[in-house]
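Asks: Before I ask anything, let me first share the structure, which is written out below as structure tokens.
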Amino acid sequence: MSATAVTPPEPSAPLPDVGVGRTLARSRAQLLRAATLDEGRSLAVWANADDRVRYEAPEHHTVSVYLAGGYGTRRADHPSRRGAPGRLCLLPAGERSDWIVDGALAFLHLYLPPAAFARTVVEVLDREPRSAGLLDAVYVDDATAAGAAARLAALDWKAWPGRLALDEVVSELLAHLVARYACHRPLPEVRGGLAPAVLRRVLDYLDAHLERAPGLDELAAVAHLSPYHFARMFQRSTGSAPHAWLAARRLARARALLRGTLPLAAVAAACGYASQSHLGNAFRHATGATPGQYRRWAHGHADAGEGGGSA
């Protein structure tokens with residue numbers, strides 16, 4: 001695959017506050033771009049040359065796609081495999097890895113907290129999230145992931161239209177990665193977690209009643225637990241507090257509905273927001289755009305892709 005054009009360094013690029021980002025900041029690597037998305041996800045583009053980098057059990061998953069160079073770069077425990085533009089590496093949370101950088105390269109990183117991965121497992125695979133892990137992958141040729149990385153690298157990471165596109169492409173990429181690289185793992189014996197059947201019942205109930213924004217007491221009743229014990233057990237099972245999971249699901253439904261023609265007030269009601277302004281504030285905080293801006297952007301992309309008229 002040909003190399004992707006790499007944007008020159010942005011002077012104000014913020015350092016991603018994640019384990020891999022902190023490790024790279026102490027190495028010879030140069031941070032070229034960075035962006036923070038909702039649900040704790042973040043993106044970064046780095047350049048490096050002639051270095052040795054060791055990741056010590058980071059707390060997050062890392063998706064890495066090379067944008068340019070990397071032909072001499074290898075992982076110490078897979079010496080016969082070499083990098084190249086477009087090749088994909090997956091670094092699961094909690095795993096150590098040692099990388100030998102021979103020559104120059106530029107690469108894109110997507111950092112995922114386990115809770116964001118867990119939500120995608122539920123959405124894409126409809127599985128108990130604790131039963132799925134992320135495969136450890138080294139230099140995989142994956143055209144979908146390489147294409148997504150090239151699209152991300154070409155976007156404006158600062159202005160809101162580009163930020164909306166970032167979120168869309170990252171969500172598509174994450175769905176692809178979960179569908180293809182989620183591996184089965186035995187359910188851990190999490191002391192204090194919800195039983196799989198109970199968790200499934202709660203998540204189904206939550207999705208079926210988003211327009212009412214079920215409260216903690218209501219969800220706890222579905223699980224036949226006290227609110228205090230339910231909140232602790234839900235967090236143990238999913239990695240998210242109930243309110244954070246609910247907020248993410250409401251936002252996902254709002255995005256889907258905004259691609260249609262439902263009035264904004266009706267979208268707010270359907271997603272459990274108290275008012276249109278409540279939807280607007282939550283949406284702007286998560287995406288950097290208002291619901292109206294997102295709708296115009298989404299309709300514009302649909303028109304460009306399908307040749308339709310203006311919405």
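Residue numbering for the sequence shown follows UniProt numbering, starting at 1 and increasing by one per position.
Don't be surprised by glycine CBs; every beta carbon is placed ideally from N, CA and C.
(1) Under DSSP, the beta strand (DSSP E) around residue 61 begins and ends at which residues?
(2) Spell out the partners DSSP gives residue 50 in its beta bridges.
(3) Within 10 angstroms of the Cβ of residue 294, are there 16 or more other Cβ atoms? Answer buried if so, exposed if not.
(4) What residue range is occupied by the uninterrupted alpha helix (DSSP H) comprising residue 173?
(5) Classify residue 89 as buried or exposed, calling it buried when 16 or more other Cβ atoms lie within 10 Å of its own Cβ.
(6) Among all the DSSP beta bridges, which residues are the ones paired with residue 30?
(7) Please state if the CB of residue 15 and the CB of residue 64 are separated by a distance shorter than 9 Å.
(8) Does residue 261 pass the burial test, meaning 16 or more other C-beta atoms within 10 Å, or should it be called exposed?
(9) If you run the structure through DSSP and keep just helix, strand and coil, what is residue 273?
(10) Helix, strand or coil: how does DSSP classify residue 103 here?
(11) How is residue 15 classed by DSSP in three states: helix, strand or coil?
(12) How many angstroms separate the CA atom of residue 264 from the CA atom of residue 164?
(13) Could you tell me how far apart the beta carbons of residue 234 and residue 194 are, in whole angstroms, since I believe they sit closer than 8 Å?
(14) Return the residue from the list 213, 38, 6, 37 that minimises the CA-CA distance to residue 30.
(15) Are the Cβ atoms of residue 140 and residue 182 separated by less than 9 Å?
(16) Assign residue 74 to one of three DSSP states: helix, strand, or coil.
(17) According to DSSP, which residues form a beta bridge with residue 36?
(18) Based on Cα-Cα distance, which residue from 208, 236, 143 lies nearest to residue 66?
(19) Would residue 75 and residue 97 qualify as a contact pair, given that the criterion is a beta-carbon distance under 9 Å?
(20) Does the Cβ of residue 229 have 16 or more other Cβ atoms within 10 Å, making it buried, or fewer, making it exposed?
(21) How long is the line joining the alpha carbons of residue 312 and residue 291, rounded to whole angstroms?
(22) Compute the beta-carbon to beta-carbon distance between residue 155 and residue 162, rounded to the nearest angstrom, for a pair I have assumed lies under 8 Å.
Replies: Per the coordinate set shown:
(1) Along the sequence shown, read from residue 1 onward, the residue named residue 61 stands at position 61. Per DSSP, residue 61 belongs to the beta strand (DSSP E) from 61–69.
(2) In the sequence shown, residue 50 corresponds to position 50, counting from 1. DSSP, once it has assigned bridges, lists no residue as partnering residue 50.
(3) As a first step, residue 294 must be located in the sequence shown, where it is residue number 294. Flag for residue 294 reads buried.
(4) Mapped onto the sequence shown, residue 173 falls at position 173. Start and end: 160–181.
(5) In the sequence shown, counting from the first residue as 1, residue 89 sits at position 89. Looking at its Cβ environment, which holds 16 or more other Cβ atoms inside 10 Å, residue 89 is buried.
(6) Residue 30 sits at position 30 when you count from the first residue of the sequence shown. 47.
(7) To locate residue 64, count along the sequence shown from 1; it is residue 64. To locate residue 15, count along the sequence shown from 1; it is residue 15. The answer is no: Cβ separation not under 9 Å.
(8) Numbered from 1 along the sequence shown, position 261 holds the residue referred to as residue 261. So residue 261 ends up on the exposed side.
(9) In the sequence shown, the residue the question calls residue 273 occupies position 273. Correct three-state label for residue 273: coil.
(10) For this step, residue 103 is matched to residue 103 along the sequence shown. Note: residue 103 maps to strand in three-state DSSP.
(11) Walking along the sequence shown from the start, residue 15 turns up at place 15. The DSSP-derived three-state label of residue 15 is coil.
(12) In the sequence shown, counting from the first residue as 1, residue 264 sits at position 264. In the sequence shown, counting from the first residue as 1, residue 164 sits at position 164. Going by the C-alpha atoms only, they are around 18 Å apart.
(13) For the purposes of this step, residue 234 is taken as the residue at position 234 of the sequence shown. For the purposes of this step, residue 194 is taken as the residue at position 194 of the sequence shown. So it is a contact: roughly 6 Å between Cβ atoms.
(14) Taking the sequence shown and counting its residues from 1, the one referred to as residue 30 is at position 30. The residue with the shortest Cα to Cα distance from residue 30 is 6.
(15) Here residue 140 is taken as the residue at index 140 of the sequence shown, counted from 1. Here residue 182 is taken as the residue at index 182 of the sequence shown, counted from 1. Cβ distance not < 9 Å, so residue 140 and residue 182 don't count as in contact.
(16) To locate residue 74, count along the sequence shown from 1; it is residue 74. DSSP places residue 74 in strand when its eight states are reduced to three.
(17) Numbered from 1 along the sequence shown, position 36 holds the residue referred to as residue 36. According to DSSP, which records beta bridges pairwise, residue 36 is partnered with 42.
(18) Within the sequence shown, residue 66 is the residue found at index 66, counting from 1. Residue 143 is the option with its Cα nearest to residue 66.
(19) Here residue 75 is taken as the residue at index 75 of the sequence shown, counted from 1. Here residue 97 is taken as the residue at index 97 of the sequence shown, counted from 1. Going by C-beta atoms, residue 75 is nearer than 9 Å to residue 97.
(20) The count along the sequence shown starts at 1 and reaches residue 229 at position 229. Exposed, because fewer than 16 other Cβ atoms sit within 10 Å of the Cβ of residue 229.
(21) Any question about residue 312 goes unanswered here, given that the chain covers just 1 to 311.
(22) Counting from one through the sequence shown, the residue named residue 155 turns up at place 155. Counting from one through the sequence shown, the residue named residue 162 turns up at place 162. Residue 155 to residue 162, Cβ: 4 Å. Contact.
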